[in-house]
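Worksheet for the structure shown next.
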Amino acid sequence: PHVLHEVGRIAAAHLRSFLQSGATLAVTGGQTIHEVAQALTPGAPMNVMVVPARGGIGRALETQANTIASEIAKRLGGHHRMMHLPDQLDEQAMAEMRKLTEITETLELLQRADVVLYGIGRADDMGKKRQLPQNVLADVLRRGAVAEAYGCYFDGDGGVVFSASTVAHDLGKLKPDCAMLAVAAGARKAGAIRAVMRSRPQAMLVTDEGAARAMLAQK
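Residues in the sequence shown are numbered from 239 upward in steps of one, following the numbering used here.
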């Protein structure tokens, strides 16, 4: 808990430097990003829009992307939009939901994000935590997945081998200059962090000494 609090505090201290007036910030859920939100200190109001980068997952309300987006917007003095969607929907259900103006507008804001703040997990751990069907998880791991971030599973080279999030599909349409801000800690996550860092250019990674040393030791 102390390490998560510290990486959250340091990430929060740098977040404002990536935001300009009129910017859109997309945030994922999870305990680490929750720590970033809690560490943000209120300051001069910023004209930023904060949107969730994932739909609803599980039952822990305080670590849901919607809740974190609302909290970060409040502390930045900005605005936020909710994502009234489960994280996993079939194509037919998603097509129906996209007929709702509020859903379409939020997804369009997500695609136009200037900054994405997200956490990273191990593929095996996150597959179980997100309750992927056993046969699906086994196939994802067989295809080389070592990392999970914003609903996507990555192999060691940073390639996406599976997307478990209907909402995260829209992250594939991000602007090339979108600033990706990763926050993740723990030596067990070293391989996962390296994999996601290879997926696309990153603007910032906040991690701890244990993960950093483990990454440096890997070939």
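Note that the Cβ used here is the ideal one computed from N, Cα and C, for glycine as well.
In the structure shown, what three-state DSSP assignment does residue i receive?
i, result
"residue 452", "helix"
"residue 393", "strand"
"residue 443", "strand"
"residue 347", "helix"
"residue 426", "helix"
"residue 360", "strand"
"residue 436", "coil"
"residue 366", "helix"
"residue 242", "helix"
Span of the beta strand (DSSP E) holding residue i?
i, result
"residue 357", "353-357"
"residue 375", "Careful: residue 375 lies outside any beta strand (DSSP E), inside the alpha helix (DSSP H) at 372-380."
"residue 321", "That residue, residue 321, is in no beta strand (DSSP E); it is neither H nor E in DSSP."
"residue 387", "383-387"
"residue 401", "398-401"
Please determine, among the options, the residue with the shortest C-alpha to C-alpha distance to residue i.
i, options, result
"residue 442", "376, 275, 383 and 422", "422"
"residue 341", "358, 350 and 321", "321"
"residue 346", "366, 402, 288 and 308", "288"
"residue 370", "402, 344 and 303", "402"
"residue 432", "286, 395 and 447", "395"
"residue 453", "427, 382 and 260", "427"
"residue 315", "263, 391 and 393", "263"
"residue 424", "368, 312, 360 and 418", "360"
"residue 253", "413, 352 and 386", "352"
"residue 303", "273, 248, 435 and 446", "273"
"residue 283", "393, 266 and 310", "310"
"residue 276", "415, 301, 419 and 414", "301"
"residue 280", "305, 365 and 312", "312"
"residue 434", "357, 455 and 375", "357"
Considering residue i, what are the terminal residues of the alpha helix (DSSP H) in which it resides?
i, result
"residue 420", "No alpha helix (DSSP H) contains residue 420, which is instead part of the beta strand (DSSP E) from 417-421."
Confirm, please, whether the CB-CB distance from residue j to residue i is below 8 angstroms.
i, j, result
"residue 429", "residue 399", "no"
"residue 260", "residue 285", "yes"
"residue 388", "residue 291", "yes"
"residue 355", "residue 265", "yes"
"residue 419", "residue 256", "yes"
"residue 444", "residue 271", "no"
In chain order, what are the residue ranges of uninterrupted alpha helix (DSSP H) at least 4 long that sit wholly in the stretch 246-315?
269-277 and 303-314
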